[in-house]
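Chemist: Below is one structure. I have some questions about it.
Chains as they are written, first to last, in the numbering used here: chain H, 1 to 257; chain B, 258 to 599.
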């Protein structure tokens with residue numbers, strides 16, 4: 001049997017969700033690894049954008065910054081941050097990947113502060129960066145994150161980036177573009193989506209060997225059960241070979257697990 | 258599409274509660290630009306002279322590039338060394354640039370940063386969080402207003418356009434909006450709610466470019482981030498460049514000019530001027546040095562020693578580069594930039 005780490009499983013699962021011919025805004029780390037892996041396997045015509053202005057690079061190595069020169073290495077264009085965000089705003093970008101210190105059942109994300117008083121934060125975090133824009137304007141928002149109760153909380157301390165806010169219709173009522181929003185959450189335990197009716201987070205598939213109780217116990221809110229009992233596909237030997245040999249040979253990302 | 262009537266939200270509030278540090282006085286900005294010297298005059302000067310002449314205490318500062326990529330490191334160091342006080346800052350992905358400026362807060366040198374429009378601070382992206390920037394930000398020493406990266410880019414764009422605001426579609430419905438100084442505006446054509454982003458005209462900006470002539474016509478290679486608009490929106494602009502080039506060379510290829518001379522007040526030739534940041538097509542970032550800086554911040558004693566050795570105890574940027582390994586190290590970083598696969 002093929003062996004793999006949980007980080008490798010997360011990256012392979014995320015990679016499999018990216019359709020060929022689509023456009024995705026990625027950051028550094030696991031999302032970038034997933035997009036690079038997709039390009040080299042299932043989605044050779046996937047176009048990568050980076051928020052500082054990099055368009056369609058042939059990434060030689062993992063960028064360290066979403067604005068460094070690798071983000072347009074042998075690229076199609078080196079443009080501005082506004083141009084990238086406006087490409088999202090006019091509806092051209094299919095996917096983005098975001099992260100955060102906290103996520104709630106509607107996929108709202110917090111990357112600004114931990115604590116109950118904004119003016120006296122227990123921990124001050126970086127803030128939105130481009131996350132709020134990408135989470136507002138891209139069609140499908142994906143999150144790759146470790147799964148624990150510290151991150152998956154009933155209520156985020158600060159809504160940095162909108163998920164479905166407080167439920168169905170809330171994004172549209174706030175003027176966010178209709179049809180956009182959270183799409184998938186890929187963790188070390190499961191893949192989750194969102195219920196069409198309630199916009200609440202719902203398990204799509206459990207990773208091999210993971211039980212429902214385990215996932216629910218690591219989640220600070222009530223998860224919705226999957227409509228059918230499904231197991232996340234195992235990484236294929238080809239995916240693992242490309243990931244280890246070509247995408248992340250120095251094990252910057254996959255070495256973390 | 259969901260039915261709006263089923264929502265228990267009735268849209269977002271009319272205005273964010275955050276402080277508007279620089280109200281968008283569009284006609285005052287016009288007067289400032291009218292009074293700029295517009296002759297083709299030679300503006301080449303030293304870094305220390307440029308910072309002395311064009312950065313005043315209390316100024317609102319714009320920082321070009323993207324945090325650790327094509328940043329005006331030499332100019333930022335000099336701002337800290339000259340102990341400028343009570344500056345404002347537009348912090349769109351402000352990573353190492355914010356880390357440098359934060360060395361002027363809570364280090365016994367007064368209060369360099371006073372007001373910051375935040376989209377992204379404290380973090381250095383994948384490298385982790387800056388302990389000192391965190392301490393400063395959590396101490397209440399700086400007043401914050403929240404934005405997104407695009408919002409700050411739009412503020413510069415509105416400033417560059419000479420209009421008081423521009424609409425956009427992100428930030429609505431979030432706490433980022435709530436703690437911003439944005440407002441709601443209803444589209445007169447479609448009736449949809451939009452977020453109105455006020456123009457921003459920084460008093461002064463520091464921008465590092467690849468090439469500039471003596472008058473301040475500038476070329477940038479690679480991503481421009483927000484610098485096209487930042488240079489146009491800023492009342493004063495200090496340029497550092499990797500290389501000075503002739504005005505004939507500018508005129509040979511005007512398509513390559515990104516910033517025109519009439520935006521620019523000072524031109525400083527500083528090779529490796531973005532170090533330890535990345536400079537596209539020149540040199541990659543010095544990740545070892547950035548890690549050293551981060552680690553030094555863990556306790557105050559080692560941080561004070563680090564700042565003394567690298568920032569306060571050197572006379573200029575060339576001496577900093579020498580303390581960081583000099584030309585030998587710069588050549589390694591050039592190699593890293595040109596041959597990313599080794």
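Ideal Cβ positions, reconstructed from N, Cα and C, are used throughout, including at glycine.
Treat the numbers as computed from the prediction; the structure is a model and nothing was measured.
1. Residue 329/B and residue 464/B - do their beta-carbons sit closer together than 8 Å?
2. To be precise: take each residue of the region 118-150 of chain H, compare its Cβ to all Cβ atoms of chain B, and keep it if any distance is under 9 Å. Which residues remain?
3. Counting only C-beta atoms, is residue 229/H closer than 8 Å to chain B at any point?
4. Would DSSP call residue 140/H helix, strand or coil?
5. Cβ closer than 8 Å: which chain B residues qualify as neighbours of residue 242/H?
6. To the nearest angstrom, how far is the alpha carbon of residue 266/B from that of residue 196/H?
7. Return the residue from the list 206/H, 104/H and 143/H that minimises the CA-CA distance to residue 308/H.
8. Between which two residues does the alpha helix (DSSP H) containing residue 561/B stretch?
9. What are the boundary residues of the alpha helix (DSSP H) that residue 434/B is part of?
10. Looking at residue 280/B: is its Cβ nearer than 8 Å to the Cβ of residue 402/B?
11. Any idea if residue 444/B is buried or exposed, counting beta-carbon neighbours within 10 angstroms, 16 or more meaning buried?
12. Just how far apart, CA to CA, sit residue 73/H and residue 164/H?
13. Based on the DSSP output, what are the partners of residue 102/H in its beta bridges?
14. Taking Cβ-Cβ distances below 8 Å as the criterion, which residues of the region 378-408 of chain B are in contact with chain H?
15. Residue 288/B: buried (16+ other C-beta within 10 angstroms of its C-beta) or exposed?
16. In whole angstroms, give me the CA-to-CA distance for residue 350/B and residue 378/B.
17. Do we get a CB-CB distance below 8 Å when we pair residue 363/B with the residues of chain H?
18. Buried or exposed for residue 468/B, going by 16 or more other Cβ atoms inside 10 Å?
19. Can you give the Cα-Cα distance for residue 10/H and residue 231/H, rounded to whole angstroms?
20. Answer with yes or no whether the minimum CB distance from residue 577/B to chain H is below 8 Å.
21. Output, in sequence order along the chain, the residues in the region 322-346 of chain B whose CB is closer than 9 Å to any CB in chain H.
22. Does the CB of residue 29/H have a neighbour CB from chain B at under 8 Å?
23. Answer yes or no: do residue 376/B and residue 406/B have a C-beta to C-beta separation smaller than 8 Å?
24. On the CB-based measure, 16 or more other CB atoms within 10 Å of its CB, does residue 323/B come out buried or exposed?
25. Are the C-beta atoms of residue 245/H and some chain C residue less than 8 Å apart?
26. Taking contact to mean at least 3 C-beta pairs separated by less than 8 Å, is the region 64-73 of chain H in contact with the region 385-393 of chain B?
27. In its own chain, which residues sit with a C-beta less than 6 Å from the C-beta of residue 43/H, not counting the 5 before and 5 after it?
28. Mind the definition here: the region 522-540 of chain B touches the region 300-316 of chain B only if three or more C-beta pairs lie below 8 Å; say whether that holds.
29. Go to residue 523/B, then tell me how far its beta strand (DSSP E) extends in each direction, as first and last residue.
30. Given 8 Å as the limit, is there contact between the region 421-436 of chain B and the region 149-167 of chain H, that is, 3 or more CB pairs closer than that?
31. Out of 392/B, 321/B, 345/B and 303/B, which has the shortest C-alpha to C-alpha gap to residue 551/B?
32. For the alpha helix (DSSP H) that residue 484/B lies in, which residues bound it at each end?
33. Give the DSSP-derived three-state secondary structure of residue 221/H in the structure shown.
34. Identify whether residue 36/H lies in helix, strand or coil by the three-state DSSP scheme.
35. How should residue 92/H be labelled, buried or exposed, when 16 other C-beta atoms within 10 angstroms of its C-beta is the threshold for buried?
36. Are the beta-carbon atoms of residue 516/B and residue 488/B separated by less than 8 Å?
Modeler: In brief:
1. On the second chain, position 207 is the one that residue 464/B refers to. On the second chain, position 72 is the one that residue 329/B refers to. Going by beta carbons, residue 464/B and residue 329/B fall inside the 8 Å limit.
2. Those residues of the region 118-150 of chain H placed with their C-beta closer than 9 Å to a C-beta in chain B are 118, 119, 120, 121, 122, 123, 124, 125, 126, 127, 128, 129, 130, 131, 132, 133, 134, 135, 136 and 137, ordered along the chain.
3. Along the first chain, one-based indexing puts residue 229/H at 229. Chain B has no Cβ within less than 8 Å of the Cβ of residue 229/H.
4. Residue numbering aside, residue 140/H sits at position 140 when the first chain is read from its first letter. Strand, per DSSP.
5. Mapped onto the first chain, residue 242/H falls at position 242. Chain B residues near residue 242/H: none, gap ~16 Å exceeds 8 Å.
6. Within the second chain, numbered from 1, the residue matching residue 266/B stands at position 9. Within the first chain, numbered from 1, the residue matching residue 196/H stands at position 196. Confidence at residue 266/B is low in this model, with a pLDDT of 49, below 50, so the placement of that residue should be treated as unreliable; the coordinate-derived value is given next. In this model, residue 266/B and residue 196/H are separated by some 18 Å (Cα to Cα).
7. Not covered by the structure: residue 308/H. The range shown for chain H is 1 to 257.
8. The residue you call residue 561/B lines up with position 304 of the second chain. Start and end: 557-564.
9. To locate residue 434/B, count along the second chain from 1; it is residue 177. Taken as a continuous stretch (DSSP letters only), the alpha helix (DSSP H) holding residue 434/B covers 432-435.
10. One-based indexing of the second chain puts residue 280/B at position 23. One-based indexing of the second chain puts residue 402/B at position 145. In this structure, the beta-carbon distance from residue 280/B to residue 402/B does not fall below 8 Å.
11. Against the second chain, residue 444/B aligns to sequence position 187. Residue 444/B should be labelled exposed.
12. Position 73 of the first chain, counted from the start, is the residue given in the question as residue 73/H. Position 164 of the first chain, counted from the start, is the residue given in the question as residue 164/H. Distance between the alpha carbons of residue 73/H and residue 164/H: 35 Å.
13. As a working note, residue 102/H is residue 102 in the first chain. The partner list for residue 102/H (beta bridge, DSSP) reads 110/H.
14. Within the region 378-408 of chain B, the qualifying residues are 378, 379, 380, 382, 383, 384, 386, 391, 394, 395, 397, 403, 404, 405, 406, 407 and 408.
15. In the second chain, counting from the first residue as 1, residue 288/B sits at position 31. An exposed status is given to residue 288/B, since fewer than 16 other beta-carbon atoms sit within 10 Å of its beta-carbon.
16. Looking up residue 350/B in the second chain gives position 93. Looking up residue 378/B in the second chain gives position 121. Residue 350/B and residue 378/B: Cα-Cα distance of roughly 6 Å.
17. Here residue 363/B corresponds to residue number 106 of the second chain, with the count starting at 1. With 8 Å as the cut-off, residue 363/B does not count as an interface residue toward chain H.
18. Here residue 468/B corresponds to residue number 211 of the second chain, with the count starting at 1. It counts as buried.
19. Counted from its first residue, the first chain places residue 10/H at position 10. Counted from its first residue, the first chain places residue 231/H at position 231. Computed Cα separation, rounded: 13 Å.
20. Start at 1 with the first residue of the second chain, and residue 577/B comes out as number 320. Taking Cβ atoms only, chain H never reaches closer than 8 Å to residue 577/B, which makes this a no.
21. Those would be 322, 323, 324, 325, 326 and 327, in chain order.
22. Reading the first chain from its first residue, position 29 is the one you call residue 29/H. The Cβ of residue 29/H sits closer than 8 Å to at least one Cβ of chain B.
23. Within the second chain, numbered from 1, the residue matching residue 376/B stands at position 119. Within the second chain, numbered from 1, the residue matching residue 406/B stands at position 149. It is a contact, given that the beta carbons lie within the stated cut-off.
24. Residue mapping note: residue 323/B aligns to position 66 of the second chain, counting from 1. Buried, by the Cβ-count rule.
25. In the structure shown, chain C cannot be found, because the protein chains are H and B.
26. These segments do not touch.
27. Position 43 of the first chain, counting from 1, holds the residue named residue 43/H. Excluding sequence neighbours, residue 43/H sits near 18 and 20.
28. Three or more beta-carbon pairs separated by less than 8 Å link the region 522-540 of chain B to the region 300-316 of chain B, which places the two stretches in contact.
29. Counting from one through the second chain, the residue named residue 523/B turns up at place 266. Its beta strand (DSSP E) spans residues 523-526.
30. Contact between the region 421-436 of chain B and the region 149-167 of chain H is present, because at least three Cβ pairs lie under 8 Å.
31. Counting from one through the second chain, the residue named residue 551/B turns up at place 294. Nearest of 392/B, 321/B, 345/B and 303/B to residue 551/B, Cα basis: 392/B.
32. Here residue 484/B corresponds to residue number 227 of the second chain, with the count starting at 1. Its alpha helix (DSSP H) spans residues 484-490.
33. By 1-based counting over the first chain, the position of residue 221/H is 221. The three-state reading of DSSP puts residue 221/H in coil, since its state is none of H, G, I, E or B.
34. Along the first chain, read from residue 1 onward, the residue named residue 36/H stands at position 36. Residue state, collapsed to three classes: helix.
35. Along the first chain, one-based indexing puts residue 92/H at 92. Exposed, since its Cβ has fewer than 16 Cβ neighbours within 10 Å.
36. The count along the second chain starts at 1 and reaches residue 516/B at position 259. The count along the second chain starts at 1 and reaches residue 488/B at position 231. It is a contact, given that the beta carbons lie within the stated cut-off.
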